[in-house]
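Peer 1:
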Amino acid sequence: MTKIGVVGCGSWGGNLVRTMHELGALHAVSDANPATAAAAAERYSVTALDYPALLADPEIEGVVLATPAHLHAEHALAAIAAGKHVYVEKPIALKPDDAKTMIAAAEKADRVLMVGHLLQYHAAFRKLLELVRSGEFGSLRYVYSNRLNIGKLRTEEDVLWSFAPHDLSMIIALAGEKPSEVTGLGSAFLQPLSDFATVHLAFPSGVGAHVFVSWLHPFKEQKLVAVCENAMIVFDDTCDWSQKLMCYRHEARIDKGAPHLVKASGEPIALEPSEPLKDECRHFLSCVAENRRPLTDGEEALRVLDVLSEASVRHA
1 MTKIGVVGCG SWGGNLVRTM HELGALHAVS DANPATAAAA AERYSVTALD YPALLADPEI
61 EGVVLATPAH LHAEHALAAI AAGKHVYVEK PIALKPDDAK TMIAAAEKAD RVLMVGHLLQ
121 YHAAFRKLLE LVRSGEFGSL RYVYSNRLNI GKLRTEEDVL WSFAPHDLSM IIALAGEKPS
181 EVTGLGSAFL QPLSDFATVH LAFPSGVGAH VFVSWLHPFK EQKLVAVCEN AMIVFDDTCD
241 WSQKLMCYRH EARIDKGAPH LVKASGEPIA LEPSEPLKDE CRHFLSCVAE NRRPLTDGEE
301 ALRVLDVLSE ASVRHA
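Once you know that position 47 of the sequence shown is 47 in full-length UniProt numbering, the rest is easy, because the numbers rise by one and skip nothing.
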């Protein structure tokens, strides 16, 4: 089994530590706070190391980075230089040039570089992507996504950079191309970082999209809608598995200047329940074992980062 060191054992990093342990791959942990690392090490019966010592451990083949975004490039480049494969949480970096440096370093060293765009590994999104690409419901026309909650507030990145990478990754995959136009608008109330943000995208094929994100929303909403010629498909990650992916075959047309609308009931699309994070971690482990390119590699993450950078919002 591939041996993994997880760096960053905080709230999300703790999930990665647990999942790698469940998969039998966890070998060591590290955190800027030694007490946090020690607690994780004790819980999972592994070794707590500082980062240089973790990189120097010859048994560790891959490093999982759940550190603050501004440290991603520094930590990833150090890991690659030490001969490790790298999984880095989103966003890959805060600057496209840093991401390009990471990609080039991984290519030169023949190391895996994977980015944690978790929803690409969600069974509901995989099915949605399959349906859109098959053309079963006609051409894709528009995609929109809401990622809203009360918290988690951050001070090192705004809500766009914190929440939107997942949605942008999915939308770019659905469109099958990079957007040709990107505009962003945000509002900041608590600090000089956007608490609300919208991003509008136009694609060369004519597909349009928008994303709305906020960490000052009264309730949790995680919903993506793909509008196709003959149906609308809704991925709602707050629903249980029986209703996570729904198809609505509404009919709408303009006939001789008069609008006609026929509403249809939602049809659930059957899914096999799974744990997206576990599937994502399995994918990283298999890519390391086989030294193959991951689904969400550095190039995929750079496409998302380019959109984030272009959309980096002006405030209303």
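Where a beta carbon is used, it is the ideal one built from N, C-alpha and C, also for glycine.
#1: Starting from M1, trace the beta strand (DSSP E) both ways and give me its first and last residue.
#2: Would you report the Cα separation of K95 and L285, rounded to the nearest angstrom?
#3: Under the assumption that V115 contacts K152 (Cβ atoms under 8 Å), give the Cβ distance between them as a whole number of angstroms.
#4: Straight-line CA distance for A231 to V6?
#5: Contact between the segment 160-179 and the segment 249-264: three or more CB pairs below 8 Å?
#6: Can you give me the start and stop residues for the alpha helix (DSSP H) that R9 sits inside?
#7: Could you give the residue range of the alpha helix (DSSP H) that holds G298?
#8: Could you say which of S11, L16 and L245 lies nearest to R126 if we only look at CA atoms?
#9: Measuring only the C-alpha atoms, how far is residue 322 from K263?
#10: Hey, T238 and K220: beta-carbon distance below 9 Å or not?
#11: Please report how far the alpha carbon of E299 lies from the alpha carbon of D98, in whole angstroms.
#12: Kindly indicate which residue of V29, A56 and T36 has the alpha-carbon position closest to the one of A48.
#13: Apart from the five residues just before and just after D110, which ones in its own chain have a Cβ nearer than 6 Å to its Cβ?
#14: Would you kindly work out how many angstroms separate the C-alpha atoms of Q191 and R147, rounded to a whole number?
#15: Based on DSSP bridge pairs, tell me the residues matched to Q222.
#16: Rounded to whole angstroms, how far is the Cβ of V207 from the Cβ of L140, which I believe are closer than 8 Å?
#17: Any idea what DSSP makes of T155, helix, strand or coil?
#18: Give the single residue among Q120, A270, E42 and V159 whose Cα lies nearest to the Cα of P294.
#19: Are A79 and V63 close, meaning C-beta to C-beta below 9 Å?
#20: Nearest to E310 by alpha carbon, out of T183, H72 and L168?
#21: Bridge partners of M102, per DSSP?
#22: Considering just the uninterrupted stretch of the alpha helix (DSSP H) at S286, what are its terminal residues?
#23: Determine, using beta carbons only, whether D167 and L216 come nearer to each other than 9 Å.
#24: DSSP three-state call for F125: helix, strand or coil?
#25: Mark G8 as exposed unless 16 or more other C-beta atoms lie within 10 angstroms of its C-beta, in which case mark it buried.
#26: With 16 as the cutoff for other CB atoms within 10 Å, does H85 come out buried or exposed?
#27: So, helix, strand or coil for H217, using DSSP?
Peer 2: Based on what the coordinates show:
#1: Careful: M1 lies outside any beta strand (DSSP E) and carries neither H nor E.
#2: 27 Å
#3: Wrong, their Cβ atoms sit about 20 Å apart, outside the cutoff.
#4: 42 Å
#5: no
#6: First, the residue type needs correcting, since residue 9 is Cys and not Arg in the sequence shown. Neither: C9 is in no alpha helix (DSSP H) and is coded neither H nor E.
#7: G298 to A311
#8: L245
#9: The structure shown does not extend to residue 322, since the chain spans only 1 to 316, so no value can be given for it.
#10: yes
#11: 12 Å
#12: V29
#13: none
#14: 20 Å
#15: R147
#16: 5 Å
#17: coil
#18: Q120
#19: yes
#20: T183
#21: According to DSSP, which records beta bridges pairwise, M102 is partnered with nothing at all.
#22: P276 to E290
#23: no
#24: helix
#25: buried
#26: buried
#27: strand
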